[in-house]
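Add 350 to a position in the sequence shown, counting from 1, and you land on the number used in our numbering.
Even for Gly, the Cβ is constructed at its ideal location relative to N, Cα and C.
The structure appears right after this line, and notes come after that.
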Amino acid sequence: MSSVQRAAGDCPRLIRFALHAPKNVEVEYVNGIRYILPAEYLRVLSPAVDSKIRSVAGEKVIYGRRHVGIMSAEPVGNYGVTF
351 MSSVQRAAGD CPRLIRFALH APKNVEVEYV NGIRYILPAE YLRVLSPAVD SKIRSVAGEK
411 VIYGRRHVGI MSAEPVGNYG VTF
């Protein structure tokens, strides 16, 4: 078994994904751990290009996204979600 397969097997399984529009996403895992993730947090840490500023020093994250909201969520592939 490769280290990638072993790591994937060690990951807790998601049992609940709930959108509390427009400000929060709730995820809960089979091991009982539950997170409520604010829309601002997800937007700031998003790998999307429009959440970054390009400069000579490299990419910088844009903070202060308090007014961002999540209106819908759709599954993408086997594990992704688009908002």
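Return the chain-ordered list of same chain residues with a C-beta closer than 7 Å to the C-beta of residue i, the five sequence neighbours on each side being excluded.
{"i": "Ile383", "result": "Pro362"}
{"i": "Leu369", "result": "Val375, Ile420, Ala423"}
{"i": "His380", "result": "A small correction: the amino acid at residue 380 is Val; His does not occupy that position in the sequence shown. Excluding sequence neighbours, Val380 sits near Pro362, Arg363, Ile365."}
{"i": "Pro425", "result": "Val431"}
Cutting at 6 Å between CB atoms, please list the residues of its own chain near residue i, excluding the five before and the five after it.
{"i": "Tyr385", "result": "Val377"}
Sorted by chain position, which residues of the same chain lie with C-beta nearer than 8 Å to residue i's C-beta, five sequence neighbours on each side aside?
{"i": "Ala371", "result": "Gly419, Ile420, Met421, Ser422"}
Would residue i pass as a contact of residue j if the rule is Cβ separation under 9 Å?
{"i": "Ala373", "j": "Pro397", "result": "Residue identity differs from the one stated: residue 373 is Lys in this sequence, not Ala. Not closer than 9 Å, so no."}
Put residue i into one of helix, strand or coil per three-state DSSP.
{"i": "Tyr391", "result": "helix"}
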